[in-house]
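So the structure is just underneath, and the comments pick up after that.
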Amino acid sequence: MYEKLVASFSTTGSESPVRKVERLPAHLRFKEKFDKTLDLMESFESKYIRVIGPKKQNLTSQFARELHDGLGLRDIKEKGGIATAEDNIFTNMIKLFELKHGSERKNLRLKNGFSIGALAALGAGKTTVTRALEERLRRNGELVEFKEERHLGNPFWRRSQGKEKNNKFMLRSQAHFLLGNVLAQLEDGLKKRKNKNEIVISDTSPLTDFFDVVFMVCTYG
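Here you go:
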């Protein structure tokens, strides 16, 4: 199917295109791999857009396996390390791709209640505002679940902020946030809530991460 395209990620063989970019800085290698992965997914969708039913689902699963193997992704159960964290970004990309074309997509909706997320730039005060909203709603007797973006769980964020701020980690940091948050929200949408009036408040909307990723792709790479 896409064996030749996926094989372009391989690091074996004297003719591998990746060998030509191994001397590039790590953030540029990541961006090239990121762009190439998106191109492969788009190419697959363009070719099989008219296929429907179980056949498309099988083709999607096969393509996802080939892409996973072609990227040489590590087991996401492994702990620590920038390389593993990068692999986790691509693993989540593949998960979202499969979810988009899988049968579960029709069930991806908030079963009951509603969700609120903050859309604003880094440091604008999203957490402060949403925490204040949470407190106000609780005082009014509302049932609220608060979800805070886990910055410390993102190894790229630590390197892109603070005294040792390094813009070369910005794209990886925001891609990590975006894919993790979108997956979490979609998986949450598959759950049936015990209370139909529950309000879910997130201090960072996935849209914030999306716009940040677009900005980073255009600016830092």
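Residue numbers (the numbering used here): 1371 to 1591.
Built from N, CA and C at the ideal position, the CB exists for glycine as well.
Note that this is a predicted model, so its numbers are computed, not measured.
Nearest-angstrom Cβ-Cβ length linking residue i and residue j, presumed shorter than 8 Å
| i | j | result |
| --- | --- | --- |
| residue 1580 | residue 1548 | 6 Å |
| residue 1488 | residue 1578 | 7 Å |
beta-carbon residue i near the ligand SAH non-hydrogen atom, thresh 7 Å
| i | result |
| --- | --- |
| residue 1549 | Annotation note on the ligand SAH: not contained in the displayed structure, which lists no ligands. |
Span of the beta strand (DSSP E) around residue i
| i | result |
| --- | --- |
| residue 1515 | 1514-1517 |
| residue 1419 | Segment: none, residue 1419 is in no beta strand (DSSP E) and carries neither H nor E. |
| residue 1484 | 1484-1487 |
| residue 1345 | Residue 1345 cannot be examined here, being either before or after the span of the chain that is shown, 1371 to 1591. |
Under 8 Å between C-beta atoms of residue i and residue j
| i | j | result |
| --- | --- | --- |
| residue 1397 | residue 1455 | no |
| residue 1508 | residue 1514 | yes |
| residue 1407 | residue 1460 | yes |
| residue 1525 | residue 1555 | no |
| residue 1471 | residue 1426 | yes |
| residue 1395 | residue 1538 | yes |
| residue 1544 | residue 1583 | yes |
Enclosing alpha helix (DSSP H) for residue i [first to last residue]
| i | result |
| --- | --- |
| residue 1530 | 1525-1530 |
| residue 1508 | 1496-1509 |
| residue 1471 | 1452-1471 |
Proximity winner among the options, relative to residue i (alpha-carbon distances)
| i | options | result |
| --- | --- | --- |
| residue 1457 | 1401, 1555, 1421 and 1528 | 1401 |
| residue 1428 | 1399, 1409, 1395 and 1469 | 1469 |
| residue 1567 | 1512, 1538 and 1535 | 1512 |
| residue 1452 | 1495, 1410, 1528 and 1416 | 1528 |
| residue 1442 | 1421, 1403 and 1411 | 1403 |
| residue 1592 | 1440, 1494 and 1420 | Residue 1592 is absent from the model: the chain starts at 1371 and stops at 1591. |
Any 3 or more C-beta pairs closer than 8 Å across the segment 1567-1575 and the segment 1503-1523 | yes
Flag this pair as touching only if the segment 1423-1437 and the segment 1456-1467 have three or more C-beta atom pairs under 8 Å; answer yes or no.
-> yes
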